[in-house]
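Colleague: The sequence shown begins at 1 in full-length UniProt numbering and counts up by one.
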Amino acid sequence: MSVASTDAKRRVKLYALNENRQWDDKGTGHVTSCYHEPLDGMSLLVRNESDGSLLLESKIQLDTLYQKQQGTLIVWTESDNYELALSFQEQDGCNEIWEKICQVQGRDPAFDHDQDEEQEEVKVNLVDCELEKLDEILEQINAFSQTTRKKDVLSNEYIENNYIGKLLEIFKQADETQDLPTLHKLYEIFKQLFLFDRPQLLEVMLGDQYLIDIIGVLEYEPPPAKHHKHREFLRDGATFKEVIPFSNQKLVDKIHQTYRVQYLQSSILPSPSIIDDNVYASLTNILFFNKVEIVSMIQEDGEFLQDLFNQISSKETSTERRRELVLFLREYCIFSQTIHQKQRDGFFKTLASLKILSAVEAALASNDQVAMSAAIDIFAYLVEYNPNMTREHVVQQSEGLIESPINGAHILKLVIDNITTDQDPELGIATQLACIVKLILDPEMQDISVGKEAFLEFFYVTCMQSIIEPINDVTIPEVKELKASANDRKTAQLLSIILDLLTFFMEHHHRQLRRYIISTDLLSRIITLMKSRHKFLVLSAIRFCRRLIGKTKIEKEKDKDKENENENGNEHENEKVLDKLLVELIINEDLFSPIISVLKNNNGRYNLLDSAILEMFEYISNEAILPLMNHVLTNFGPFLESIDYVSTFKVMRRRRDALHDEMSDTTLKLDLDDDDFDINDELEPQFKRQRME
Numbered sequence: 001m002s003v004a005s006t007d008a009k010r011r012v013k014l015y016a017l018n019e020n021r022q023w024d025d026k027g028t029g030h031v032t033s034c035y036h037e038p039l040d041g042m043s044l045l046v047r048n049e050s051d052g053s054l055l056l057e058s059k060i061q062l063d064t065l066y067q068k069q070q071g072t073l074i075v076w077t078e079s080d081n082y083e084l085a086l087s088f089q090e091q092d093g094c095n096e097i098w099e100k101i102c103q104v105q106g107r108d109p110a111f112d113h114d115q116d117e118e119q120e121e122v123k124v125n126l127v128d129c130e131l132e133k134l135d136e137i138l139e140q141i142n143a144f145s146q147t148t149r150k151k152d153v154l155s156n157e158y159i160e161n162n163y164i165g166k167l168l169e170i171f172k173q174a175d176e177t178q179d180l181p182t183l184h185k186l187y188e189i190f191k192q193l194f195l196f197d198r199p200q201l202l203e204v205m206l207g208d209q210y211l212i213d214i215i216g217v218l219e220y221e222p223p224p225a226k227h228h229k230h231r232e233f234l235r236d237g238a239t240f241k242e243v244i245p246f247s248n249q250k251l252v253d254k255i256h257q258t259y260r261v262q263y264l265q266s267s268i269l270p271s272p273s274i275i276d277d278n279v280y281a282s283l284t285n286i287l288f289f290n291k292v293e294i295v296s297m298i299q300e301d302g303e304f305l306q307d308l309f310n311q312i313s314s315k316e317t318s319t320e321r322r323r324e325l326v327l328f329l330r331e332y333c334i335f336s337q338t339i340h341q342k343q344r345d346g347f348f349k350t351l352a353s354l355k356i357l358s359a360v361e362a363a364l365a366s367n368d369q370v371a372m373s374a375a376i377d378i379f380a381y382l383v384e385y386n387p388n389m390t391r392e393h394v395v396q397q398s399e400g401l402i403e404s405p406i407n408g409a410h411i412l413k414l415v416i417d418n419i420t421t422d423q424d425p426e427l428g429i430a431t432q433l434a435c436i437v438k439l440i441l442d443p444e445m446q447d448i449s450v451g452k453e454a455f456l457e458f459f460y461v462t463c464m465q466s467i468i469e470p471i472n473d474v475t476i477p478e479v480k481e482l483k484a485s486a487n488d489r490k491t492a493q494l495l496s497i498i499l500d501l502l503t504f505f506m507e508h509h510h511r512q513l514r515r516y517i518i519s520t521d522l523l524s525r526i527i528t529l530m531k532s533r534h535k536f537l538v539l540s541a542i543r544f545c546r547r548l549i550g551k552t553k554i555e556k557e558k559d560k561d562k563e564n565e566n567e568n569g570n571e572h573e574n575e576k577v578l579d580k581l582l583v584e585l586i587i588n589e590d591l592f593s594p595i596i597s598v599l600k601n602n603n604g605r606y607n608l609l610d611s612a613i614l615e616m617f618e619y620i621s622n623e624a625i626l627p628l629m630n631h632v633l634t635n636f637g638p639f640l641e642s643i644d645y646v647s648t649f650k651v652m653r654r655r656r657d658a659l660h661d662e663m664s665d666t667t668l669k670l671d672l673d674d675d676d677f678d679i680n681d682e683l684e685p686q687f688k689r690q691r692m693e
């Protein structure tokens, strides 16, 4: 046998069960069974296939229960309740290691039993599989359900004598004649066989040959249970359609089995009515490893995926055909969630290299709501696990390295257009896509290699106008009035979603957004939205303004300014200039006038509006933003100080006056020390204006 053949036979994936009862991939390597001196005994060793490091060194214990499942899995629990599994690439390798384990434990590899249980010889004389002896068959099953050893013996006898097939022949006759007493007995028999929870028996029962008929048996739960037509649903309503033919028949069979087992677990045998936790866990394990195998086999078939993406992207593809392809792709992405992060990185690289995002773009631009909804789910999954893939795709499109299939628009622009044109009365698409945009534009989740600043600059140049278009459509900034269309509730909800996005932008990349605000009339339009009759929209506008003020600092400590200037140079100086410009813009646009009107109309009611407004003024006072304090107290002081259920505005006035006194004292001291000293050379512009006033 060649070295390559031996390596393939012993190639395994190591899994460990986490606290959430999900299998974590611990790596891929090659397994050997040999004497390991550090553990002083025969052990299982798994070395990483990439660097040779040890992924596993586990001594084969005499009292540990090892189980072989599905032909290619060996599962066991370490002494500290740490559950492990080896998933073999080839069945021969699994059999070889299994025999080594059994040899150490001194047991027959044909049986999978607990060494702690009685080791006396167990004999079984199978009851003849006949209609008249169903009661005896059930009694024998119950008698052999007492120990794992007995269950193993009976399970192996059933497999060797094709007992499951014979029972199902009786079922077919009873099903045809609707012999309910017989059908109910068969239900009890198969229920008990599931409760055996023996891997070798489950593998036979869940195989393609018998699974549909067994599902038929489980339709006949004795009264008062309702008869369910599970087979009819699986044949007519849940038929797997190969949208693009697979060349690998093993893959097709695995997909069929997975869907049926999944249906069996979720709809036919829901815990705890029929199966206990152990059986449920066994089915979950089968599904997990099946999905991992399916994802891997499809990923390795580059031609299949390339054909899939090309057909979705092609303008020649019909609407119905694209829908089928996109729905399949969504299922594939759902399956891929089972794979471990290390595998997932390779998975995303494969998808990116085959240009999956170009396919998603085509589906997002589709007029078919089903295809577009599925495409949004796919896009959400891709962005959640790998937002940099989308960023790199957008950058490459902007540089002309990737052609956009949709009128030259990059995918991010397409997503934003779908937000602003959502036809769903509940705006479900807009809400979901807005969350996706946040993930893409969150600097904390951005890879340095993509170029954060360059990407954000590109976004603000190409996308911001589209984002704020709905705000522009309903506002008249010259007179700060709303158009009648703003009264529509759906329009107001969309505007609230957009304001929430802008608030997120202000929090995470305020430098770019503040520059945008300085150069446009966006702030004036947002202020105008506070005149809406929809309180949730007014609240969204106030929250945005609060975040804007929170990102606008007027430094009070000159030493701190010098320290920051030394550290950041011109960048800090530019930020100071931007801060001052924004304070002036806030005052000139009369931001607080509509806020005060909202506060008056709220009439002291304790609600979100009241809390948001008061918190904004608390912040201005606590941070001692003197220009804003002057503006608020000068223009709205009498009304604000008449509010007696909080002390916010009285405190603000005392703090403002104290700042003025402090400035006066400083001026006097400097004049005494230096007759040639001019305070206006040192004070910041807003303080200069205050003195001139």
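Note that beta-carbon positions come from the ideal geometry of N, C-alpha and C, so glycine has one too.
So the alpha helix (DSSP H) V124 belongs to, where does it begin and stop?
Modeller: First-last for V124: undefined, no H or E at that position.
Colleague: Taking C-beta to C-beta, are V104 and M42 nearer than 7 angstroms?
Modeller: Closer than 7 angstroms, so yes.
Colleague: The alpha helix (DSSP H) with residue 705 in it runs from where to where?
Modeller: Not covered by the structure: residue 705. The range shown for the chain is 1 to 693.
Colleague: When you compare the CB of I587 with every CB in chain C, is at least one pair closer than 7 angstroms?
Modeller: In the structure shown, chain C cannot be found, because there is only a single protein chain.
Colleague: State the Cα-Cα distance for the pair L14 and I334, rounded to the nearest angstrom.
Modeller: The alpha-carbon atoms of L14 and I334 are separated by roughly 22 angstroms.
Colleague: Out of D208, T552, K229, E303, which has the shortest C-alpha to C-alpha gap to S247?
Modeller: Answer by Cα proximity: E303.
Colleague: Could you round the C-beta distance between L329 and L354 to whole angstroms and report it? I think they count as a contact, below 8 angstroms.
Modeller: With a Cβ gap of about 11 angstroms, L329 and L354 do not count as contacting.
Colleague: Please report how far the alpha carbon of I498 lies from the alpha carbon of S87, in whole angstroms.
Modeller: Rounded to the nearest angstrom, the two C-alpha atoms are 48 angstroms apart.
Colleague: If I'm right that A434 touches L501 with Cβ under 8 angstroms, what's the distance once you round it to whole angstroms?
Modeller: Their Cβ separation, rounded to whole angstroms, is 5 angstroms, which keeps A434 and L501 in contact under 8 angstroms.
Colleague: Quick test of your reading: L482 and K531, contact by CB under 8 angstroms. State the CB separation rounded to the nearest angstrom.
Modeller: The Cβ separation is near 5 angstroms, so the contact holds.
Colleague: Could you tell me if K266 is buried or exposed, where buried requires 16 or more neighbouring beta carbons within 10 angstroms of its beta carbon?
Modeller: Looking at the sequence provided, one finds Ser at residue 266 rather than Lys. The residue in question, S266, is exposed, as its Cβ has fewer than 16 Cβ neighbours within 10 Å.
Colleague: Do the region 578 to 596 and the region 622 to 635 make contact, defined as three or more Cβ pairs closer than 8 angstroms?
Modeller: Contact between the region 578 to 596 and the region 622 to 635 is present, because at least three Cβ pairs lie under 8 angstroms.
Colleague: Quick check: what's the CA-CA separation for E300 versus S313?
Modeller: Cα to Cα, E300 sits roughly 21 angstroms from S313.
Colleague: For L138 versus I170, is the C-beta distance shorter than 7 angstroms?
Modeller: Contact: no.
Colleague: Whole-angstrom Cβ separation of L283 and V261, contact assumed at under 8 angstroms?
Modeller: Their Cβ separation, rounded to whole angstroms, is 6 angstroms, which keeps L283 and V261 in contact under 8 angstroms.
Colleague: Do residue 719 and Q89 have their C-beta atoms closer together than 7 angstroms?
Modeller: Here the chain covers residues 1 to 693 and nothing more, so residue 719 does not appear.
Colleague: Looking only at C-alpha atoms, which of Q343, E331, K342, M389 sits nearest to L357?
Modeller: The candidate whose alpha carbon is nearest that of L357 is M389.
Colleague: Can you look up A363 in the DSSP assignment and give me helix, strand or coil?
Modeller: DSSP places A363 in helix when its eight states are reduced to three.
Colleague: Do A359 and A371 have their CB atoms nearer than 7 angstroms?
Modeller: No, the pair does not count as a contact, with Cβ atoms beyond the cut-off.
Colleague: Just verifying my parser: in three-state terms, what is the DSSP assignment at G27?
Modeller: Correct three-state label for G27: strand.
Colleague: From which residue to which residue does the alpha helix (DSSP H) around Q538 run?
Modeller: Sequence inspection shows Val at residue 538; the Gln mentioned does not correspond to that position. Its alpha helix (DSSP H) spans residues 535 to 550.
Colleague: Quickly, what does DSSP pair V46 with across the bridge? List them, please.
Modeller: Bridge partners of V46: V31, L56.
Colleague: Under DSSP, the alpha helix (DSSP H) around Y516 begins and ends at which residues?
Modeller: From DSSP, the alpha helix (DSSP H) with Y516 extends over 510 to 519.
Colleague: Just curious, the alpha helix (DSSP H) that residue 763 is in, first and last residue?
Modeller: There is simply no residue 763 to check, as the chain begins at 1 and stops at 693 in what is shown.
Colleague: On the DSSP bridge assignment, give the partners of S318 in chain order.
Modeller: In DSSP, S318 forms no bridge with anything.
Colleague: So, is T648 buried or exposed, given that buried needs 16 or more other C-beta atoms within 10 angstroms?
Modeller: So T648 counts as buried.
Colleague: With distance defined between alpha-carbon atoms, name the residue in V437, H510, S611 nearest to I579.
Modeller: The question names Ile, but residue 579 is Asp in the sequence shown. Among V437, H510, S611, the Cα nearest to that of D579 is on H510.
Colleague: Looking at C-alpha atoms only, which residue of N48, L44, H508 is the closest neighbour of C34?
Modeller: Looking at the Cα atoms, L44 is the closest of the given residues.
Colleague: May I ask which residues mark the beginning and end of the beta strand (DSSP E) holding L86?
Modeller: Where L86 is concerned, the enclosing beta strand (DSSP E) stretches over 83 to 88.
Colleague: When you compare only the Cα positions, how much space is there between L513 and R653?
Modeller: Near 31 angstroms, if we compare the C-alpha coordinates of R653 and L513.
Colleague: Less than 7 angstroms separating the beta-carbons of V383 and I436?
Modeller: In contact: V383 and I436 (Cβ atoms closer than 7 angstroms).
Colleague: Would you check if the distance between the CB atom of L55 and the CB atom of G27 is smaller than 7 angstroms?
Modeller: Closer than 7 angstroms, so yes.
Colleague: Does DSSP classify T475 as helix, strand or coil?
Modeller: If DSSP states are grouped into helix, strand and coil, T475 belongs with the strands.
Colleague: Can you tell me which residues form a DSSP beta bridge with D66?
Modeller: At residue 66 the sequence reads Tyr, which differs from the Asp that was named. Its beta-bridge partners are W76.
Colleague: Would you mind stating whether L201 and S155 have Cβ atoms separated by less than 7 angstroms?
Modeller: Yes, the pair counts as a contact, with Cβ atoms nearer than the cut-off.
Colleague: Note down the Cα distance separating I298 from I518, rounded to an integer number of angstroms.
Modeller: Each residue's alpha carbon lies about 51 angstroms from the other.
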